[in-house]
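**Q** Residue numbers (the working numbering), protein chains in the order written: chain V, 65 to 304; chain C, 3 to 253.
Written out as structure tokens, the structure reads:
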């Protein structure tokens with residue numbers, strides 16, 4: 065390590081080994097929570113987005129209601145309702161569900177997953193609805209079945225239109241996960257709050273955590289640029 | 003013309019600022035509500051409680067014009083340093099760590115920390131083996147937090163809450179086995195409900211509670227100390243204390 069960094073680390077009482085351990089624990093919890101909720105959310109959202117484009121009202125209206133509810137209310141409120149609401153259900157403490165919902169991790173995972181799935185559903189719904197009619201007609205003319213059309217034409221072309229908006233949703237989700245700390249999860253923000261209250265040093269604690277969030281965001285942006293280049297490679301200039 | 007008005011305004015503001023810094027005719031005092039019975043809103047929405055009444059009496063003694071500010075606990079010391087208010091009278095216990103950042107008056111009360119749990123809890127809180135694996139709730143950044151972290155750190159799971167309300171909800175919902183909280187707060191918010199009890203003995207913590215001010219406002223601290231000493235002697239303090247407590251917290 066360069067000398068000035070070592071000297072600086074010795075000269076301050078906030079960034080000691082315990083602080084770094086707290087941040088590390090927080091990083092692990094944040095990454096777990098966000099990664100899992102995004103993966104599950106995406107898996108749920110794609111079928112919902114397809115069904116949301118269904119012409120039958122009894123299929124698309126319930127999904128519309130779900131996305132409306134979860135996009136129409138703040139994530140913090142959803143988290144409070146799920147975390148504290150579940151504990152108020154009479155007798156829940158005696159069922160096996162309590163083993164899952166006793167810890168704050170699963171209520172938070174549930175809230176985050178339902179929230180991101182609602183947004184992702186709408187992102188993909190728009191992308192699917194914007195599929196050029198000609199592509200579908202051509203696929204039909206080739207005699208492709210509904211499922212084959214979906215797999216070969218509709219979904220790949222929707223993915224190209226959705227990828228930028230979805231990258232935004234992923235970054236928003238990472239930052240929204242900061243509220244996990246209000247239900248006692250020691251995520252990055254929770255770790256920063258603990259460090260802050262231990263040393264009464266808001267600048268050090270929160271700037272430290274902000275840098276970690278920025279590094280995570282940088283990784284996400286980089287990964288999505290790679291994905292975008294991959295999906296949109298047919299649009300690149302020849303030989304480029 | 004506009005520039006002139008702005009300049010005059012600035013000059014006036016600066017004058018007002020220096021006047022205020024000199025003789026402390028206006029003091030802004032911060033409270034974190036609700037923290038019954040120290041500071042809370044009564045049924046009509048008025049700010050009241052032991053510390054609020056003590057602050058009112060102190061301001062009267064000082065002949066100062068006091069403004070009461072509501073500030074969440076997390077942002078207390080930063081808010082003081084950012085000059086959002088001049089003094090904190092919100093049950094802030096005197097600790098060496100805090101004393102590095104703020105200037106404390108002489109302590110004006112001290113209450114112990116108490117253990118509270120549901121009726122079915124029968125573990126001895128001083129028995130480390132029995133406490134192994136239990137989940138304990140504390141308010142983040144309080145002396146109770148420091149005590150549990152230092153003494154039961156590796157033994158129990160510690161959950162830290164921003165507000166006492168959230169903590170009591172999780173004790174009710176059985177996410178916590180026991181909470182360690184400022185005794186009067188536990189008495190008001192937990193023991194007042196059915197199905198809860200106090201466990202173990204209250205633990206005396208820290209050096210009491212003082213008024214916290216900015217380090218450089220030494221004059222204000224002197225004035226506050228004098229006023230508090232007068233109130234403690236002439237019986238005003240005891241009258242206010244007897245209104246809120248059945249036991250002695252005077253210091």
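Ideal placement from N, C-alpha and C gives every residue a C-beta, glycine not left out.
Would the beta-carbon of residue 272/V fall within 8 angstroms of that of residue 147/V?
**A** no
**Q** Rounding to the nearest angstrom, what Cα-Cα distance links residue 22/C and residue 64/C in this structure?
**A** Residue placement at residue 22/C cannot be trusted, given a pLDDT of 47 that sits under 50; what the coordinates show is reported in the next sentence. Computed Cα separation, rounded: 14 angstroms.
**Q** At 4 residues or longer, and completely inside the stretch 17-83 of chain C: list those alpha helix (DSSP H) runs for me, N to C.
**A** 52-64, 78-83
**Q** Can you check the stretch 111-156 of chain V for any beta strand (DSSP E) of at least 3 residues that lies completely inside it and give the ranges in chain order?
**A** none
**Q** Confirm, please, whether the CB-CB distance from residue 208/C to residue 1/C is below 8 angstroms.
**A** A query on residue 1/C cannot be resolved here, the shown segment of chain C reaching from 3 to 253 and no further.
**Q** What does residue 171/C reach in chain V if we use C-beta pairs closer than 8 angstroms?
**A** 148, 151
**Q** Does the distance from the C-beta atom of residue 60/C to that of residue 222/C stay below 8 angstroms?
**A** no
**Q** Counting only the same chain and skipping the five closest in sequence on each side, list residues whose C-beta sits under 7 angstroms from that of residue 173/V.
**A** 97, 100, 101
**Q** If you run the structure through DSSP and keep just helix, strand and coil, what is residue 215/C?
**A** Three-state DSSP puts residue 215/C in a strand.
**Q** Take every Cβ of the stretch 131-148 of chain C, pair it with every Cβ of the stretch 253-263 of chain V, and state whether three or more of those distances are shorter than 8 angstroms.
**A** Taking one beta carbon from each stretch, the stretch 131-148 of chain C and the stretch 253-263 of chain V have 3 or more pairs nearer than 8 angstroms; the two touch.
**Q** At what residues does the alpha helix (DSSP H) containing residue 187/V begin and finish?
**A** 169-193
**Q** Given this structure, state the Cα-to-Cα distance separating residue 66/C from residue 184/V, to the nearest angstrom.
**A** 58 angstroms
**Q** Restricting to Cα atoms, I'd like to know which of 49/C, 252/C, 100/C, 196/C is closest to residue 217/C.
**A** 100/C
**Q** With respect to the alpha helix (DSSP H) encompassing residue 207/V, which residues constitute its N-terminal and C-terminal limits?
**A** Premise fails: residue 207/V is in no alpha helix (DSSP H) and is neither H nor E.
**Q** Looking only at C-alpha atoms, which of 188/V, 150/V, 159/V, 155/V sits nearest to residue 170/V?
**A** 150/V
**Q** Give a yes or no on whether the minimum CB-CB distance between residue 23/C and chain V is below 8 angstroms.
**A** Caution is warranted here: a pLDDT of 48 is assigned to residue 23/C, below 50, making its placement in the model unreliable, and the coordinate value is therefore given only provisionally. Taking Cβ atoms only, chain V never reaches closer than 8 angstroms to residue 23/C, which makes this a no.
**Q** Within the 8 angstroms Cβ cut-off, does residue 163/C reach chain V?
**A** yes
**Q** Give the secondary structure of residue 246/C by DSSP, where H, G and I count as helix, E and B as strand, and everything else as coil.
**A** helix
**Q** What's the call for residue 76/V, buried or exposed, on a 16-neighbour Cβ count within 10 Å?
**A** With fewer than 16 other Cβ atoms within 10 Å, it is exposed.
**Q** What does residue 80/C touch in chain V if you count any residue whose Cβ is under 7 angstroms from its own?
**A** 266
**Q** Can you grab the Cα-Cα spacing for the pair residue 47/C / residue 167/C, in whole Å?
**A** 18 angstroms
**Q** Kindly give me the distance between the Cβ atoms of residue 113/C and residue 185/C, rounded to whole angstroms, as I take these residues to be in contact under 8 angstroms.
**A** 5 angstroms
**Q** Under 8 angstroms between the Cβ atoms of residue 159/V and residue 163/C?
**A** no
**Q** Quick check: the stretch 167-180 of chain C against the stretch 114-126 of chain C, are at least 3 beta-carbon pairs closer than 8 angstroms?
**A** yes
**Q** Which residue wins for smallest C-alpha separation from residue 82/C, given the options 95/C, 68/C, 110/C, 103/C?
**A** 103/C
**Q** Mind checking if residue 73/C is an interface residue toward chain V, Cβ cutoff 8 angstroms exclusive?
**A** Interface flag for residue 73/C against chain V is unset, since no Cβ pair is found closer than 8 angstroms.
**Q** Quick one: Cα of residue 246/V to Cα of residue 125/C, how far?
**A** Computed Cα separation, rounded: 28 angstroms.
**Q** Within a Cβ cutoff of 8 angstroms, which residues of the same chain sit near residue 192/C, ignoring the five residues on either side of it in sequence?
**A** 118, 170, 173, 181, 183, 198
**Q** Can you tell me whether residue 82/V is buried or exposed, with buried defined as 16 or more other CB within 10 angstroms of its CB?
**A** exposed
**Q** Between residue 85/V and residue 252/V, which are expected to be in contact by the criterion C-beta below 8 angstroms, what is the C-beta distance as a whole number of angstroms?
**A** About 13 angstroms separates the two Cβ atoms, so there is no contact after all.
**Q** Quick check on the burial criterion: 16 or more other C-beta atoms within 10 angstroms. Buried or exposed for residue 34/C?
**A** buried
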